[in-house]
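Student: After the C-alpha cells below, expect a handful of questions from me.
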Amino acid sequence: DTGVSQDPRHKITKRGQNVTFRCDPISEHNRLYWYRQTLGQGPEFLTYFQNEAQLEKSRLLSDRFSAERPKGSFSTLEIQRTEQGDSAMYLCASSLGTGTIGNTIYFGEGSWLTVV
Amino acid sequence: AQTVTQSQPEMSVQEAETVTLSCTYDTSESDYYLFWYKQPPSRQMILVIRQEAYKQQNATENRFSVNFQKAAKSFSLKISDSQLGDAAMYFCAYRSNTGTASKLTFGTGTRLQVTL
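The structure is reproduced here in C-alpha cells:
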C-alpha cells in the first residue's frame, strides 16, 4: 500500500493563472477529502467524495474552486483565476467508510501552492 | 457547528519526561469521535490516537494516552517518556458519527518541542 499521493508537491503560479492538483487515494478507499491548511492553522475542510459523488462542500470552496473524482479513484482540485489568498497547502485524505463508521482518515503529504 | 480549541500554541518537554496537550470541543451531538493527529516537519498528518465518545475507557496507544472527559468536553493527550521524534505539531480533531457527516474538524494545533 503506497499511501495517499499528491502531485505536484509544490506549485508557484502567478495571480490569475489556473492550477490543478491531483490526489491518488489509498487503493480501495471509497472516501476522499480535500482540506486546506495555512501556516499556523489546522486543516480546514473543503470537500468530500464518496466514490464519484461529491457529498459535501464547504462554503470555503468558492466558485473558483472545483473538485472532481470522475471514476471514484483519483481526484483533481482545480483553482481558477488564482488569488494571493489561495496560497496554502492543499491536503488530500482518504478512508474506507460505510455509513458513518469513523474509520481512520489517512492524509497525503500535501501540495503547497504559492501565488505571486 | 462543532468547534475544537487548542489553547496551547507551543509546549516544550524534556526527553523521557511526560507532557500533556489540552483540547476542548463544543458540540451538541452525543455520538462522535475524537482524534489526535501528529504533523512532523515533513508535513504528512499521522493518526496518533482515537477515542469513541460512547466509550468511557480512555484510549491508549503505547506511550500515548488520552483523558476524555465527555461532560466537560475535554480531550487531552498525554505523551509519556517523550522522544526526540515526538517533536511535531499536534492537532486535536472532531468527527461526527451522525447522519452522513464524515469530515474532520481540527483545532489550531500545538507545537511540541522535545529538548535533551
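Protein chains in written order, with this note's numbering: chain R, 76 to 191; chain U, 2 to 117.
By construction, the Cβ of each residue, glycine as well, lies at the ideal position given by its N, Cα and C atoms.
#1: Can you pull the chain U residues whose beta carbon is under 9 angstroms from the beta carbon of R:G172, in chain order?
#2: Which same chain residues end up closer than 7 angstroms to U:E30 when comparing Cβ atoms and leaving out the 5 residues on each side of it in sequence?
#3: Take U:D32 as the anchor and find which of U:Y55, U:Q40, U:E18, U:D87 has the nearest alpha-carbon.
#4: Could you have a look at U:L117 and say whether DSSP puts it in helix, strand or coil?
#5: In terms of residue numbering, what span does the beta strand (DSSP E) encompassing U:K79 cover?
#6: Return helix, strand or coil for U:Q9, following the three-state DSSP convention.
#7: For a test of the three-state rule: what should DSSP assign to R:L121, helix, strand or coil?
#8: Count the C-beta pairs between the region 82-89 of chain U and the region 94-104 of chain R that are closer than 8 angstroms, then say yes if the count reaches three, no if not.
#9: Identify whether U:L85 lies in helix, strand or coil by the three-state DSSP scheme.
#10: For R:Q116, would you say it is in contact with chain U, using Cβ-to-Cβ distances shorter than 8 angstroms as the test?
#11: Using the DSSP secondary-structure output, state which residues sit across from U:F36 in a beta bridge.
#12: Find out if the Cβ-Cβ distance for the pair R:R106, R:G172 is shorter than 8 angstroms.
#13: Check whether the Cβ of U:G86 lies closer than 8 angstroms to any Cβ atom in chain R.
#14: Can you find at least 3 beta carbon pairs, one from the region 68-79 of chain U and one from the region 80-88 of chain R, that sit closer than 8 angstroms?
#15: Using only alpha-carbon positions, find the residue among U:F107, U:M12, U:R64, U:Y91 that is nearest to U:Y26.
#16: Can you tell me which of the three DSSP states R:D138 falls into?
#17: Is the Cβ of R:I180 closer than 8 angstroms to any Cβ of chain U?
#18: Based on the DSSP secondary-structure assignment, which residues constitute the bridge partners of R:V191?
#19: Within 8 angstroms (strictly less), CB to CB, does R:E184 reach chain U?
#20: Output needed in chain order: residues of the region 48-79 of chain U with a Cβ under 9 angstroms from some Cβ in chain R.
#21: Helix, strand or coil for R:Q159, going by three-state DSSP, please let me know.
Tutor: In brief:
#1: S103
#2: S97, T99
#3: U:Y55
#4: coil
#5: 75-80
#6: coil
#7: strand
#8: no
#9: helix
#10: yes
#11: Per DSSP, U:R51, U:A94.
#12: yes
#13: no
#14: no
#15: U:F107
#16: coil
#17: yes
#18: R:V191 is not bridged to any residue.
#19: At least one chain U Cβ lies under 8 angstroms of R:E184.
#20: Those residues of the region 48-79 of chain U that come within reach of chain R (Cβ to Cβ, closer than 9 angstroms) are L48, R51, E53.
#21: Three-state DSSP puts R:Q159 in a helix.
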